[in-house]
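Residue numbers (the numbering used here): 1 to 244. A short write-up of the structure that comes next.
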């Protein structure tokens, strides 16, 4: 289908099956800016390995239950091959049984220097008390700016949305927030972030008094910080009131 639309700008699809081997040479869609894919029971590695998308600005991937794939390696290869280093938005909904690893997400943000919005959602995990074994702390560490060490990951990031995970280290999370909010000066190597959201927190008590005080300071200084605490078995939540 895509071969018949060489000038397509936006493509959204729900995949049930795909090629078993990548296209050779890869299909180059020079004007595609927004790619949104949802899939279940299959891998999308071959699809990503079959494309070159030099104009890609927004990528949305929605894994459904049963998706077992390590797509991040193929995605990183796609970015290098195209190249498409101007990606501004990554919207990733990871399934409970996904093979995607946080270390790969860590690598992904390293090849997207123009990223402005990052949304990592553990969609299925909202309905389970155990949210998988991904070490998301690696991702938080990778997002932490360290000017003293010359580390400026995704320097244009303005919006960060994450779901709670079991091994959340509160101090690491708050340190990351501070590193992206209290930047040295306007016009420096890293932009001041506008909005950070942590969703599906099981209990506000995971934040001790020190963490709460620090986050209240950030909010008082102007940061939009949302922490959603699960209030019911399904979709309900309450916000931690940092402005009180």
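Backbone N, C-alpha and C define an ideal beta-carbon position, used for all residues, glycine too. For clarity, every value in this text was computed on a predicted model and none was experimentally measured.
For the set 34, 185, 64, 231, the Cα lying nearest the Cα of residue 16 is the one of 64. Residue 26 holds the alpha-carbon nearest to the alpha-carbon of residue 82 among 26, 20, 198. Under the DSSP assignment, residue 46 falls in the alpha helix (DSSP H) whose first and last residues are 45-49.
With three or more CB-CB distances shorter than 8 Å, the region 152-169 counts as touching the region 198-211.
Taking the C-beta atoms as reference points, residue 85 is found no nearer than 9 Å to residue 49.
Among the bridge pairs identified by DSSP, residue 224 is matched with 195. Taken through DSSP and simplified to helix, strand or coil, residue 231 comes out as coil. Excluding sequence positions up to five before and after residue 112, its CB lies within less than 6 Å of the CB of 87, all in the same chain and listed in chain order. DSSP, reduced to helix, strand and coil, places residue 117 within a strand of the structure shown. Taking a C-beta distance under 9 Å as the contact criterion, residue 10 and residue 35 qualify as a contact pair. Under the DSSP definition of a beta bridge, residue 36 partners with 12, 60.
Taken through DSSP and simplified to helix, strand or coil, residue 178 comes out as helix. In the displayed model, residue 156 falls within coil according to three-state DSSP, outside both helix and strand.
DSSP, read as helix, strand or coil, puts residue 146 in strand. When only Cα atoms are considered, residue 211 and residue 117 end up about 24 Å apart.
Residue 223 is positioned such that its CB atom lies closer than 9 Å to that of residue 193.
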